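The numbering of the sequence shown is the working numbering, which starts it at 12 and goes up by one.
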Amino acid sequence: MMSELPHTIREINDLAEVDKHEIYKRLLPQWVYEKYGINADNPEERRNPPIIYFRCPKGSRAVEVIVKQRATDLDPLFYINIADTLNHQLIVLLIIVNDPDSPRYNTDFDKYGNPTQFGTITRNIPAEIEAMKAGLAPGQIRRGLRVFKDSLPYFEGFVKQMGHDMFFIEPLAYTNAITFERYGFSYVKGLHEMNRIHQEFQPGGELHERLTGENPFRHPDAWQTVRGRAWAIHDGILGYPFSGLQMYKRVGIHAGVNTFPDARW
Numbered sequence: 012m013m014s015e016l017p018h019t020i021r022e023i024n025d026l027a028e029v030d031k032h033e034i035y036k037r038l039l040p041q042w043v044y045e046k047y048g049i050n051a052d053n054p055e056e057r058r059n060p061p062i063i064y065f066r067c068p069k070g071s072r073a074v075e076v077i078v079k080q081r082a083t084d085l086d087p088l089f090y091i092n093i094a095d096t097l098n099h100q101l102i103v104l105l106i107i108v109n110d111p112d113s114p115r116y117n118t119d120f121d122k123y124g125n126p127t128q129f130g131t132i133t134r135n136i137p138a139e140i141e142a143m144k145a146g147l148a149p150g151q152i153r154r155g156l157r158v159f160k161d162s163l164p165y166f167e168g169f170v171k172q173m174g175h176d177m178f179f180i181e182p183l184a185y186t187n188a189i190t191f192e193r194y195g196f197s198y199v200k201g202l203h204e205m206n207r208i209h210q211e212f213q214p215g216g217e218l219h220e221r222l223t224g225e226n227p228f229r230h231p232d233a234w235q236t237v238r239g240r241a242w243a244i245h246d247g248i249l250g251y252p253f254s255g256l257q258m259y260k261r262v263g264i265h266a267g268v269n270t271f272p273d274a275r276w
């Protein structure tokens, strides 16, 4: 496939600062400019510090793009981390969208101030309970902006401009995997596991039987919704971490995978 951009992140990162920043601006969806008034022609306008950060050092195989509504904000409103795989494919390591004006739930730090790493190392249970009550999913510290559908075409366009016809992503939580399915992703690893999870959450299944109501994350009705299942999984109902899944998306193609038919959120 012919490309108008270098084929790898490392090749882009080895360009001059002004050139690679101009390229990485293409990753910013239009809603960033329209909703938050960031100057599309000069998003790096210095406001001490800048509103948009590009972390893309020479020699690196990864790029981070961080967008903040205000330079003093603790959390980004948009964050994406992309890297080259060992065989020169593209993988999204992390993507975050926050509503910067919504309430913050400190699920990312435990009561001692230690980072929880999305609740995989330690947890802040009181903050998680409040986040769950507010309708957030595991790993969220603020409400999202529901813009994944609008953002995906920009990223697919960037991938295509680099000469790729597909890219990879790793869902960090059950909610992520279901969301990615809805927008056309399929599985490299994890389809069997996702189907098994759905089956075992049905009445009579092993996971359904574990929804004993012993704590707020294991409410007996949790099996009926995506977020309910996700919080139960986050709480360890599987008996092992939800990890190791990898998904992919072919540019312009919807894979049609659906491991939670008629899902309610």
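Ideal Cβ placement from N, Cα and C applies to all residues, glycine included. Here the structure is a predicted model, which means the values were calculated and not measured.
Residue i burial status per 10 Å Cβ neighbour count (16 or more: buried)
i: Y35; result: buried
i: W276; result: exposed
i: G130; result: buried
i: A148; result: buried
i: E225; result: exposed
i: I264; result: exposed
i: H308; result: Absent from the structure is residue 308, since the part of the chain shown begins at 12 and ends at 276.
i: Q235; result: exposed
i: T19; result: buried
i: L38; result: buried
i: N187; result: buried
i: P126; result: exposed
i: A82; result: exposed
i: P114; result: exposed
i: L222; result: buried
i: Y251; result: exposed
i: D232; result: exposed
Proximity of residue i and residue j at Cβ, strictly below 7 Å
i: F271; j: H203; result: no
i: Y194; j: A241; result: no
i: L16; j: Q172; result: yes
i: Y123; j: I152; result: no
i: E192; j: N109; result: no
i: A274; j: V237; result: yes
i: D84; j: P111; result: yes
i: R72; j: R21; result: yes
i: V76; j: P87; result: no
Through-space distance from residue j to residue i, alpha-carbon basis
i: V43; j: D119; result: 24 Å
i: Y132; j: G150; result: Reading off the sequence shown, one finds Ile at residue 132, where the question assumed Tyr. Computed Cα separation, rounded: 12 Å.
i: I62; j: I140; result: 32 Å
i: I23; j: K31; result: 6 Å
i: C67; j: H219; result: 45 Å
i: L249; j: M205; result: 12 Å
i: E211; j: R229; result: 14 Å
i: V74; j: F65; result: 7 Å
i: Q80; j: K200; result: 36 Å
i: V170; j: V262; result: 8 Å
Chain C within 7 Å of residue i, Cβ atoms only
i: K31; result: Included in the structure is just one protein chain, with no chain C present.
key: Validate contact between the stretch 178-190 and the stretch 258-273 using beta carbons, cut 8 Å, 3 pairs   = yes
query = For the 8 Å Cβ check, are there 3 or more pairs between the stretch 129-149 and the stretch 160-178?
reply = no
query = If you scan the stretch 69-147 from start to end, which runs of the alpha helix (DSSP H) of 4 or more residues do you find wholly inside it?
reply = Note on the stretch 69-147: whole alpha helix (DSSP H) runs with a minimum of 4 residues are 136-144, in chain order.
Cβ pair count under 8 Å reaching 3, the stretch 95-111 against the stretch 164-178 = yes
inquiry  = Which runs of the beta strand (DSSP E) at least 3 residues long sit entirely within the stretch 184-259? Give them in chain order.
reply    = 197-200
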